[in-house]
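Those letters in the sequence shown? Residues -22 to -1, 1 to 272, by mature numbering (1 follows the signal peptide of the UniProt record, and there is no 0). The beta-carbon is built from N, C-alpha and C at its ideal position, and this holds for glycine as well.
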Amino acid sequence: MSRLKLVFAAILILFCHYPVLAGEPEQKAGQTEKDAIMDDIVVTGKKEDAAEAPAGAKVPAVVNSTTKSELKKITVLTTDDALRYNPGMYLRKLYPGGSIPLSIRGTYPFSPQTLVQADGIRLSDYTSSGNTRWSQIAPEEIERVDVIYGPYSAMYSGHTLGGVALITTSLPEKMQVIANASYMYQNFKAYESDYDLDGYQNHFSFGDKFGNFRVFGLFERIENEGQPISFNTLLADNGGAAAGNAVAGYDSDHDFQNRKRFIIGDQGTRDITDTTCKLKFGYDLDSNTQLNFQ
């Protein structure tokens, strides 16, 4: 009897597993086998050639590169605009002519945690402000911008906790002359402060190629008055003098903790004067080697 039960159990197991065929797509009525089964789809990533990505080809980190052809699709008025659309970038542009620091998400903007270089020359300073001299590079001479995210490369010096921004410039292939002038004006009003501020900027650059010899020149002059960016405050619950003359000229509001405070004055305007003069020379030794001097 027990042997008969084992035979029935084995037959039942075979019938339970027979109709289950893994991986076979269900064929609808009216479809042929050719219609029901699709061809394989292969998805591959595009890897840049090392010659096309000099900054990040061998760096074990996330690298975002922007080429000159891509920069032509956006408005690049100043050099820092070339980094505007990079992921995780923070550039606080307060007024024209300011040495704005560059910070990457996760780092403090007013500390030297992001390195900025142009052709191997450091543009960002070592101080706590981390300001960057963007005016040393003209927008029209930028060939590409490579951003390395994170402190993953020992190729560069310190202050790279957030990352490294590498600007590569190029010399012109033909004659080019760029000249522009601009005038700025603003009326700044906040609390009891009222300022009429203005400034101007002149920009001139030229470049040409003579055989294997290339030359590029830049002159830029900017004078501008920047508005106050912070105010001196005093909390109302700190109290006042027991006796004395009443004063006027202040304003009041509430801070982010909803505490009443007095605005007792701004920290003044910023006078900006910057002159940049630069000459670059290059000589093509062969199709892959160029000798540059600036």
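Residue i - DSSP class collapsed to helix/strand/coil
i	result
T253	strand
L61	helix
L263	coil
Q114	helix
K46	helix
Residue i vs residue j beta-carbon contact at 7 angstroms
i	j	result
L80	T92	yes
A39	G185	no
G76	D252	no
A143	V94	yes
D262	N190	yes
A60	I120	yes
T247	S113	no
I145	V125	no
G140	I99	no
I241	G204	no
R192	G260	yes
S171	D103	no
T22	D97	no
N182	F194	Rather than Asn, the amino acid found at residue 182 in this sequence is Phe. Taking 7 angstroms as the Cβ cut-off, F182 and F194 do not qualify as a contacting pair.
Exposed unless 16 or more other CB atoms sit within 10 angstroms - verdict on residue i
i	result
K258	buried
Y73	buried
H232	exposed
D58	buried
M67	buried
F188	exposed
A214	exposed
P65	exposed
V155	exposed
S43	buried
V41	buried
Whole-number beta carbon distance between residue j and residue i, since they are thought to touch under 8 angstroms
i	j	result
E201	Y178	6 angstroms
K256	Q235	Incorrect: roughly 49 angstroms between the Cβ atoms, too far for contact.
P117	V54	5 angstroms
Residue i beta carbon near the ligand ADP (any heavy atom closer than 6 angstroms)
i	result
G141	With respect to small molecules bound, the structure shown includes none, and the ligand ADP cannot be examined in it.
Any chain B beta carbon closer than 7 angstroms to residue i
i	result
G177	The displayed structure is made up of one protein chain only, and chain B is not part of it.
Within the stretch 139 to 220, ranges of the alpha helix (DSSP H) (whole runs, at least 4 residues): none
Write down every uninterrupted run of the alpha helix (DSSP H) in the stretch 76 to 107 whose length is 4 residues or greater and which is fully enclosed by it, in chain order. none
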